[in-house]
Amino acid sequence: MAKCESSGLMAALGVDPSSPWPMPAVLALAALLALLSHLWITSRTARALVLLPTVAVPLAATGVDAVLVVMVCAVGSGFCQTLRVSAKPVALFAAAEVDAACAIGAADLLRLSLVLFLPLWLLLMAFALWIWPSMGVNTL
């Protein structure tokens, strides 16, 4: 079943799964998809459940260590500052009971996300390329 899912995504990307991709490119794509997934899937648990079979499995078919791809997808799925519904703690401060001067609006969340996106992507890439491998995660 995973083969069908991975071959479908790989075909949609126009990639031959038998040709290996460079590891940084695979991890960069996984990190990008994981960080952006909160825009479509509001629940973090659901994001992880969707990302693993539809992103991690196909990208692992390129020859990159599946553990690294899964870790990138799982950690990246925690980025959820853009929408109130995706960030439940932020939604508390956007409640009507809060003083209007202290309330966090949609524009505030968008600005926060734009500021944090690149640093979080770079941090995720640093962990995937150097920190986790130095801790013993196999990088094939």
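All residue numbers for the sequence shown refer to my numbering, where the first residue is 5 and numbers rise by one. Cβ coordinates follow ideal geometry from the N, Cα and C atoms, glycine included.
Checklist entry - In chain order, which alpha helix (DSSP H) runs of at least 4 residues are fully inside the region 104-137? => result List check, alpha helix (DSSP H) in window: 110-130.
Checklist entry - Would P62 be called buried (16 or more neighbouring beta carbons within 10 Å of its own) or exposed? => result Buried.
Next on the checklist: Suppose the cutoff is 6 Å on Cβ atoms and the five residues either side in sequence are ignored; what does the same chain contact list for G80 look like?
Outcome noted: Counting only Cβ-Cβ distances below 6 Å, and skipping sequence neighbours, we find A35, A38, L39, L128.
Next on the checklist: Distance check for G140 and G109, CA to CA, integer angstroms please.
Outcome noted: Near 42 Å, if we compare the C-alpha coordinates of G140 and G109.
Checklist entry - Between L116, L118, L72, A32, which lies nearest to S138 when the distance is taken from Cα to Cα? => result Comparing C-alpha distances from S138 to each of L116, L118, L72, A32 shows the shortest one belongs to L72.
Next on the checklist: So for V79, helix, strand or coil by DSSP?
Outcome noted: In this structure, DSSP gives V79 a helical state, which the three-state scheme calls helix.
Next on the checklist: Residues in the same chain with beta-carbon distance under 7 Å from W136, minus the five sequence neighbours each way, listed in chain order, please.
Outcome noted: Cβ neighbours of W136 beyond the five flanking positions: L72, M75.
Item to check | Beta-carbon proximity check, C77 vs L56, cutoff 8 Å | outcome: A contact, by the Cβ cut-off of 8 Å.
Next on the checklist: Let's test the definition: count the other Cβ atoms within 10 Å of the Cβ of A60 and tell me whether it reaches 16, buried, or not, exposed.
Outcome noted: By the neighbour-count rule (16 or more Cβ atoms within 10 Å), A60 is buried.
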